[in-house]
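Take a look at the structure set out below.
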Amino acid sequence: DEAAADLLPPDVQGSLTDLRHPEAIEVWNGVVWSRLGRGDLAWAWWDGVAGEELAPWVAAERGRVLRELGLHPAAERFDSAGLELATDVIDVCMLRLGLTADAIGRGDLELARLRLGSVEPLIERLPDSPRLARQVMRCSWIHVEIAFLAGQSPPVDLLPWWTAEEGVGFPDLYEHGSVFHRAKGLLFGGIARDDGRLLDAAADIAPPVLRWAVELARDDRQREGALRLAREAWREIVPPPGYEEAVARTPTAERLSGQRKPLL
């Protein structure tokens, strides 16, 4: 339906028969379910992908889902395994960025910088394409996370902004992203620019997998009702099979269950 199609990038919508591999449609189906917060159904689709060419991409998507749930060591195992198999250069970038994010999640600033340094020169040499644009977006988000981890001011040049005249504005890169990318960009933009209007805009469009994170960011700004909305959104998330107990022990799960206070 239209809502599900919005979770796919524009270059994929309506062209699912013209992709780089016949089984790519199955990977994208898993991506859509993952962005709807259904890790169980995402895993079911990805379990059915037999093509070795797509194995690195599937590994990267599994890593992303686990990382979003706070399971950074488990995500790193998938990203590392996928990188060993990757021959497609965009897959290599995607997996190296995933590994960078894994290091950030574990609080290892030195390793995160090292890993980012291994992928940025590669990204800079590649010709423009929709697939590359999405990795550049991810790279901009990672720069924000590294800056915060290092106690520095985050770069904002590739993040969405707000103006009184036009409201939300997006860098050109976001033309190649889905509603997921726009919502995540607004989340990072709101945090990095310290602008609650961007967080409100993110809340308006965030798919289930991001909604709880957006509401937690709004709660950090003392937005009334945001914590309740974050808890409601978190309850909608279904972890991948076998990871339910690990997810329940994460700091996010503890915060949303009232066991842990927010880290301000």
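Residue numbers for the sequence shown, in my numbering: -13 to 250.
Beta carbons: idealized from backbone N, C-alpha and C, even for Gly.
Bear in mind that the values here come from a model prediction, so they are computed numbers and not experimental data.
When the Cα atoms are used, what is the spatial distance from ALA46 to THR73? In the sequence shown, residue 46 corresponds to position 60, counting from 1. In the sequence shown, residue 73 corresponds to position 87, counting from 1. Roughly 13 Å between the two C-alpha positions.
Would you mind giving the Cβ-Cβ distance between VAL75 and LEU40, rounded to the nearest angstrom? I have them listed as a contact below 8 Å. For the purposes of this step, residue 75 is taken as residue 89 along the sequence shown, with counting starting at 1. For the purposes of this step, residue 40 is taken as residue 54 along the sequence shown, with counting starting at 1. So it is not a contact: roughly 15 Å between Cβ atoms.
Can you tell me the Cβ-Cβ gap for ALA302 and LEU102, rounded? I've got them flagged as a contact below 8 Å. Examination of residue 302 is not possible in this model, given that the chain is present from -13 through 250 alone.
Can you give me the C-alpha to C-alpha distance between PRO248 and ALA98, rounded to a whole angstrom? As a working note, residue 248 is residue 262 in the sequence shown. As a working note, residue 98 is residue 112 in the sequence shown. Low confidence applies here, because PRO248 scores a pLDDT of 45, under 50, leaving its location unreliable; read the following figure in that light. Taking the straight line from one Cα to the other gives about 24 Å.
What residues in its chain sit with their C-beta under 7 Å from that of MET80, if we drop five residues either side in the sequence? Position 94 of the sequence shown, counted from the start, is the residue given in the question as residue 80. Within the same chain, ALA46, GLN121 come within 7 Å of MET80 by CB-CB distance, once the 5 residues on both sides are set aside.
In the DSSP assignment, what are the bridge partners of LEU224? Position 238 of the sequence shown holds residue 224. Residue 224 is actually Val in this sequence, not Leu. The partner list for VAL224 (beta bridge, DSSP) reads ARG24.
LEU250 versus ASP206 - alpha carbon distance: The count along the sequence shown starts at 1 and reaches residue 250 at position 264. The count along the sequence shown starts at 1 and reaches residue 206 at position 220. Low confidence applies here, because LEU250 scores a pLDDT of 36, under 50, leaving its location unreliable and the question unanswered by this model.
For VAL200, the three-state DSSP class (helix, strand or coil): Mapped onto the sequence shown, residue 200 falls at position 214. The DSSP-derived three-state label of VAL200 is helix.
Just to confirm my understanding: we take ALA216, look at its own chain, exclude 5 residues before and 5 after, and list those with CB closer than 7 Å. What are they? Translated into the one-based positions of the sequence shown, residue 216 becomes position 230. Hits under 7 Å: TRP198, GLU201, LEU202, ASP205, LEU242.
Going by other Cβ atoms of all chains shown within 10 Å of its Cβ, with 16 needed for buried, is ALA178 buried or exposed? The count along the sequence shown starts at 1 and reaches residue 178 at position 192. So ALA178 counts as buried.
According to DSSP, is VAL35 part of a helix, a strand, or is it coil? Counting from one through the sequence shown, the residue named residue 35 turns up at place 49. Residue state, collapsed to three classes: coil.
Who are the Cβ neighbours of LEU83 in its own chain at under 7 Å, not counting the five residues just before and after it? For the purposes of this step, residue 83 is identified with residue 97 of the sequence shown, where counting begins at 1. The answer, listed in chain order, is VAL105, GLN121, ARG124, CYS125, ILE128.
Whose CA, out of ALA119, LYS170, LEU118, lies closest to the CA of VAL130? Here residue 130 corresponds to residue number 144 of the sequence shown, with the count starting at 1. Distance check between VAL130 and each of ALA119, LYS170, LEU118 places LYS170 closest, using alpha-carbon atoms only.
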